[in-house]
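See below for the structure under consideration.
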Amino acid sequence: MRVQARFFAAYRELTGASHTEVDLPQGATVADLIDTLRARGPAFSALPPKPAVAVNLEYAPADTGLHDGDEVAFIPPVAGG
Amino acid sequence: MPYAEITSDPLDPALLLARVGSPEDGAVLLFLGTVRNHADGRSVSGMEYEGYREMALGVLRRIAEEAAERFSTPNLAVTHRLGALEIGEVSVVVAVSSPHRAEAYGASRYVMEEIKRRLPVWKKEFYVEGAPEWVRGTVPPADGSPAPDAGAGDP
Chain A
1 MRVQARFFAA
11 YRELTGASHT
21 EVDLPQGATV
31 ADLIDTLRAR
41 GPAFSALPPK
51 PAVAVNLEYA
61 PADTGLHDGD
71 EVAFIPPVAG
81 G
Chain B
82 MPYAEITSDP
92 LDPALLLARV
102 GSPEDGAVLL
112 FLGTVRNHAD
122 GRSVSGMEYE
132 GYREMALGVL
142 RRIAEEAAER
152 FSTPNLAVTH
162 RLGALEIGEV
172 SVVVAVSSPH
182 RAEAYGASRY
192 VMEEIKRRLP
202 VWKKEFYVEG
212 APEWVRGTVP
222 PADGSPAPDA
232 GAGDP
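Here the protein sequences line up with chains A and B, keeping their order.
Take the first sequence: its position 51, counted from the start at 1, is 51 in this note's numbering, and no numbers get skipped.
Take the second sequence: its position 136, counted from the start at 1, is 217 in this note's numbering, and no numbers get skipped.
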């Protein structure tokens, strides 16, 4: 399956990308996606090992199962207001 | 029904005020968040707000609905701005009315505290001297849930 990863603010600057596509085996979780990305090279390995993420616009814990076409956003510590 | 909006346009507090108030309400409360010219002893020259816009709208709506439910204040409106703001510009507006003031204060405080806990918005601070920096933020809850005691005990 293929998911779209999105990066915002400090994470976008760390990775040098606002989004990227990632191929994952069936049954993969958010944690698997993070591990796969961090193994891609120096830019992505700069991501923290346990970042907050949102799957399809909702916050989701690391054990959340992923599906083909999901949008997974990496959410740096938030600072609205 | 509470109202929530994420926008890149300048905010007009009067438009938010116009969305609340009713003959049953004896209290109308307006909160503005503005860009200040200092942070940790440094002179700030401006602020750039970035948001995960599609998600932020959903989260802000939910926060407004939670506040309305917890404080019985359906007459509530909140808008958060994104983009480049100058010193003194308004970044967030919360308007709420209620029969008595305690509920309005509680609901307004709840909305702001939850925005800071979990709204997917970030700000980059620009300084008079030195390179800009992302403002140190709050790690949002992994499941996005509201704080169990959020807003409790406030005036």
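The beta carbon of each residue, even a glycine, is placed where N, CA and C say it ideally should be.
Please tell me whether Ala28 (chain A) has its Cβ less than 7 Å away from any Cβ of chain B. no
Out of curiosity, what's the CA-to-CA distance linking Lys197 (chain B) and Ala39 (chain A)? 32 Å
Counterpart residues of Leu113 (chain B) in DSSP-defined beta bridges: B:Val174
Taking the C-alpha atoms as reference points, what is the distance between Ala158 (chain B) and Ala188 (chain B)? 11 Å
Expressed to the nearest angstrom, what Euclidean distance is found between the alpha-carbon atoms of Ser89 (chain B) and His161 (chain B)? 9 Å
Since Ser172 (chain B) meets chain A, which of its residues come closer than 9 Å, beta carbon to beta carbon? Gly80 and Gly81
Counting only the same chain and skipping the five closest in sequence on each side, list residues whose C-beta sits under 7 Å from that of Pro236 (chain B). Confidence is the limiting factor: at Pro236 (chain B) the pLDDT is only 40, short of 50, which leaves the residue's position unreliable, though a coordinate-based value still follows. Here the set comprises Ala183 and Tyr186.
Tell me, please, whether the stretch 133–140 of chain B touches the stretch 100–108 of chain B by the rule of three or more beta-carbon pairs shorter than 8 Å. no
For a contact meaning CB atoms closer than 8 Å, what does Ile34 (chain A) contact in chain B? Correct list: empty, because the minimum Cβ distance to chain B is about 13 Å.
Tell me where the beta strand (DSSP E) around Tyr130 (chain B) begins and ends. Arg123 to Gly132
Neighbour flag for Tyr59 (chain A) against chain B, beta carbons, 7 Å: yes
Own chain partners of Arg54 (chain A) with C-beta closer than 7 Å, once the 5 adjacent residues on each side are dropped: In the sequence as displayed, the identity of residue 54 (chain A) is Ala instead of Arg. Here the set comprises Ala60, Ala73 and Ile75.
Drop a sphere of 10 angstroms on the beta-carbon of Asp70 (chain A), count the other beta-carbons inside from all chains shown, and report buried for 16 or more, exposed for fewer. buried
Hey, is Ala39 (chain A)'s beta-carbon within less than 7 Å of any beta-carbon in chain B? no
Does Pro221 (chain B) pass the burial test, meaning 16 or more other C-beta atoms within 10 Å, or should it be called exposed? buried
Going by alpha carbons, who is nearest to Leu163 (chain B) out of B:Pro91, B:Pro83 and B:Met82? B:Pro91
Straight-line Cα distance separating Ala228 (chain B) from Glu150 (chain B): 14 Å
When every heavy atom of the ligand COA is checked, does at least one fall within less than 6 Å of the C-beta of Gly114 (chain B)? As for the ligand COA, it is missing from this structure, which has no ligand bound.
What are the start and end residues of the beta strand (DSSP E) that includes Gly164 (chain B)? Gly164 to Glu167
Can you give me the Cβ contacts of Ala62 (chain A) inside the same chain, cut-off strictly under 6 Å, excluding the 5 residues immediately before and after it? Val30 and Ala31
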